[in-house]
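Engineer: For the sequence shown, our numbering begins at 11 and goes up steadily by one.
We treat Cβ as the ideally placed atom computed from N, Cα and C, and that holds for glycine.
Just passing along the structure, written as structure tokens.
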Amino acid sequence: MMLTISNQDHHLHPRSLVSSSEASSKSLGLQEFTGSKVQNVNNSGERLDLFDELKRRFLSFKKHKYLEELEHFQTLKEAQSPKFMVIACADSRVCPSTILGFRPGEAFMIRNVANLVPPVESGPSETNAALEFAVKTLEVENILIIGHSCCGGIQTLMSMRDNGDSSFIKSWVTNGKIAKLRTEAAANHLNFDQQCRICEKESINHSLLNLLTYPWIKDRVRKGLLFVHGGYYDFLNCTFEKWTLDFKGSSVEERGRSLVRDQELWC
11 MMLTISNQDH
21 HLHPRSLVSS
31 SEASSKSLGL
41 QEFTGSKVQN
51 VNNSGERLDL
61 FDELKRRFLS
71 FKKHKYLEEL
81 EHFQTLKEAQ
91 SPKFMVIACA
101 DSRVCPSTIL
111 GFRPGEAFMI
121 RNVANLVPPV
131 ESGPSETNAA
141 LEFAVKTLEV
151 ENILIIGHSC
161 CGGIQTLMSM
171 RDNGDSSFIK
181 SWVTNGKIAK
191 LRTEAAANHL
201 NFDQQCRICE
211 KESINHSLLN
221 LLTYPWIKDR
231 VRKGLLFVHG
241 GYYDFLNCTF
251 EKWTLDFKGS
261 SVEERGRSLV
271 RDQELWC
């Protein structure tokens with residue numbers, strides 16, 4: 011199956027997603043906590059410390075998670091053997107462990123702006139260092155790249171001009187330049203927000219292809235020891251799209267489009 015760029019979002023047959031353990035209903039969101047309490051000044055003129063809330067959350071975790079699953083946490087003292095390497099965006103709204111319910115020890119994670127994977131020729135970075143450790147040392151069986159709706163990194167990428175000013179963020183998101191060019195070529199008749207949504211998904215596929223520029227990843231994929239997947243979390247509608255890069259021989263593209271399989275929509 012080919013993942014193609016279209017004017018509309020892909021309409022897939024929905025698949026049920028097993029819900030993960032929910033956080034304690036007593037826990038305040040930090041934004042709510044900040045808005046309702048931190049901005050208030052008590053009689054002594056002292057601001058309530060945000061760390062009081064973090065402490066409460068930690069003690070709740072220890073009581074309701076750690077101690078109740080003590081046997082599981084004890085096994086993690088010896089070693090970790092995660093099945094997944096997850097590359098996700100640093101955006102505070104899209105925590106993979108919350109969305110997909112990963113337990114400690116199940117996923118080795120790296121988060122960066124716009125969930126990008128630079129090609130091997132780009133040189134060392136924290137992302138490819140994490141990839142090397144996950145693949146060579148931990149021998150993970152799956153790499154999952156998760157993008158998301160309303161991605162600020164992709165918006166920055168799509169608004170960049172070739173002669174624009176430089177910054178750390180802009181230098182980093184240029185790793186997705188090919189995805190930008192493909193989006194502009196296929197969707198230049200759409201408005202900016204629509205183009206960004208398309209690029210959010212196109213950049214995931216571009217990063218999947220960049221994974222195969224690393225010989226030690228491509229070799230394991232070719233042997234069927236490692237599978238690379240894309241995921242897209244729409245937090246506006248709480249849906250999750252998942253697909254797998256279809257590696258056939260030496261080709262993962264056909265007519266400039268990534269070949270994918272096992273495409274699902276969880277909603």
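#1: Using 8 Å as the threshold, is the C-beta distance between Asp-156 and Gly-241 below it?
#2: Any beta carbon from chain B within less than 8 Å of Met-95's own beta carbon?
#3: Going by beta-carbon coordinates alone, are His-158 and Val-96 separated by less than 8 Å?
#4: Using only CA atoms, which one of Val-127, Ile-208, Glu-78 lies nearest to Thr-184?
#5: Is there contact here, the stretch 135-149 with the stretch 109-122, by at least three beta-carbon pairs under 8 Å?
#6: Compare the Cα-Cα distances from Cys-99 to each of Trp-226, Leu-269, Ile-214 and report the closest residue.
#7: Does DSSP classify His-74 as helix, strand or coil?
#8: Is Arg-171 helix, strand or coil by DSSP?
#9: In three-state terms, what does DSSP make of Pro-92?
#10: Assess, as a yes-or-no matter, whether the stretch 186-196 is touched by the stretch 160-167 under the definition of 3 or more beta carbon pairs within less than 8 Å.
#11: In the DSSP assignment, find the unbroken alpha helix (DSSP H) run with Asp-222 in it and report its ends.
#12: What number of angstroms, rounded off, separates the C-alpha of Arg-66 from the C-alpha of Leu-219?
#13: Assign Tyr-243 to buried or exposed, taking buried as 16 or more other Cβ atoms, counted over all protein chains shown, within 10 Å of its Cβ.
#14: I'd like the list of long-range same chain contacts for Val-130, defined as Cβ closer than 6 Å, with 5 residues on each side in sequence excluded.
#15: Please classify Arg-207 as buried or exposed, where buried requires at least 16 neighbouring CB atoms within 10 angstroms.
Structural biologist: Once the coordinates are examined:
#1: Just to set this straight, residue 156 is Ile in the shown sequence, not Asp. Yes, Cβ-Cβ distance for Ile-156 and Gly-241 is below 8 Å.
#2: The structure shown contains no chain B; it holds only a single protein chain.
#3: Cβ atoms of His-158 and Val-96: not closer than 8 Å.
#4: Per the Cα distances, Val-127.
#5: In short, these stretches touch, since the Cβ pair count reaches three.
#6: Nearest to Cys-99 by C-alpha distance, out of Trp-226, Leu-269, Ile-214, is Ile-214.
#7: Helix, per DSSP.
#8: Note: Arg-171 maps to coil in three-state DSSP.
#9: In the structure shown, Pro-92 sits in coil (DSSP, three-state: anything other than H, G, I, E or B).
#10: With a cut-off of 8 Å on Cβ pairs, the stretch 160-167 is in contact with the stretch 186-196, counting three or more such pairs.
#11: In the sequence on display, residue 222 carries Leu and not Asp. No alpha helix (DSSP H) holds Leu-222; DSSP gives it neither H nor E.
#12: Rounded to the nearest angstrom, the gap between the Cα atoms of Arg-66 and Leu-219 is 43 Å.
#13: Buried, because 16 or more other Cβ atoms sit within 10 Å of the Cβ of Tyr-243.
#14: Hits under 6 Å: Thr-223, Tyr-224.
#15: Burial check for Arg-207: the Cβ neighbour count within 10 Å reaches 16 or more, so the residue is buried.
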